[in-house]
């Protein structure tokens, strides 16, 4: 807790994600030191990449046992939620549903890191693209997000506008006005199914100077009637645990949000801002 504010970091990774080497014990101890009260462990399972042999498999049972051990060890100091960042579930929907049926995750965060049969957006060379080409691929991205939101299990949508992180790093400029209606349609789907929009704070520290989605799209979400937000650092290393959470809370307050939310059994519980 900081200045009377409960701090919840609802998107973190550890060594069970292919792109992190952080041990869960380091994650939990750092969270306590950083004043984080609630943390969600949301390791990657990009199901198409795993099934296609691009990424190594995910040791679900060990991940769960480490979370259960942490819940016991840090009881009274840190609330630990066992979640999953499930990437591209509609690219392999049958297998994704079977995976979720086998494991009792408390929190399922859906993400789209790549288009169907295309590498992760982080691997592209945007310096060789025009701004118009970037807009073309963003349009495909938003369309596949819309399709993904028909997947039966979705507690929250992760880092909307993800590809733009890399486009901006390469100096590309995008006219997001052309996507307003499609993004509004994404929000309407989220709202209709009672799922949350994630405010991903990694953008603050990765060259965007803003979370994903940024202020204009958080304002649009509220304009569309959106209320459910969750905030996560997307930390893959110790120093990023809890990073940017308070800054995101301040942004939400300025936009008129009175609460953010924390996953609870069967839904969400409000966290006053």
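In my numbering, the protein residues as written are 29 to 301.
C-beta atoms are modelled at their ideal positions from N, C-alpha and C, and glycine is treated no differently.
If residue i and residue j are in contact, beta carbons under 8 Å, what's the gap, nearest whole angstrom?
i	j	result
residue 300	residue 281	Actually they do not touch by this definition, with Cβ atoms about 10 Å apart.
residue 271	residue 261	5 Å
residue 269	residue 68	That belief does not hold up - the Cβ atoms of residue 269 and residue 68 are roughly 12 Å apart, past 8 Å.
residue 127	residue 194	About 28 Å separates the two Cβ atoms, so there is no contact after all.
residue 256	residue 296	6 Å
residue 284	residue 250	6 Å
residue 106	residue 60	5 Å
Could you check whether residue j and residue i sit closer than 8 Å to each other, using their CB atoms as the reference points?
i	j	result
residue 36	residue 82	no
residue 58	residue 266	yes
residue 141	residue 115	yes
residue 172	residue 143	yes
residue 229	residue 259	yes
residue 252	residue 215	yes
residue 237	residue 197	no
residue 79	residue 123	yes
residue 263	residue 40	yes
residue 186	residue 113	yes
residue 279	residue 254	no
residue 56	residue 109	no
residue 88	residue 131	yes
residue 54	residue 120	no
Looking only at its own chain, which residues have a Cβ that is under 6 Å from the Cβ of residue i, when we skip the five neighbours before and after it?
i	result
residue 241	188 and 189
residue 200	154, 159 and 162
residue 45	71 and 72
residue 49	43
residue 227	239, 257, 259 and 276
residue 231	238, 239 and 240
residue 210	170
residue 220	none
residue 38	68, 258 and 260
residue 217	177
Less than 8 Å between C-beta atoms, sequence neighbours within five positions excluded: which residues of the same chain meet that for residue i?
i	result
residue 175	118
residue 33	274, 277 and 301
residue 47	41, 72 and 264
residue 233	268, 271 and 272
Taking Cβ positions only, does residue i come closer than 8 Å to chain B?
i	result
residue 55	Protein chain content of the structure displayed is limited to a single chain, and chain B is not contained in it.
Beta-carbon within less than 7 Å of residue i's beta-carbon, same chain only, minus the 5 sequence neighbours each way: which residues are those?
i	result
residue 74	83, 115, 116 and 141
residue 298	287 and 289
residue 29	35, 63 and 65
residue 212	248 and 252
residue 133	110, 111 and 112
residue 152	194
residue 85	78
residue 92	110
residue 203	163
residue 191	149, 165, 166 and 169
Cβ pair count under 8 Å reaching 3, the segment 97-108 against the segment 168-181: Result no; under three Cβ-Cβ pairs closer than 8 Å.
3 or more residues per run - each beta strand (DSSP E) lying fully within the segment 72-142: 107-115 and 135-139
At least three beta-carbon pairs within less than 8 Å, the segment 174-186 to the segment 131-138: yes
Runs of beta strand (DSSP E) lying entirely within the segment 177-244, each at least 3 residues, in chain order: 224-228
Those runs of the alpha helix (DSSP H) which lie wholly inside the segment 238-279 and span at least 4 residues: 243-251
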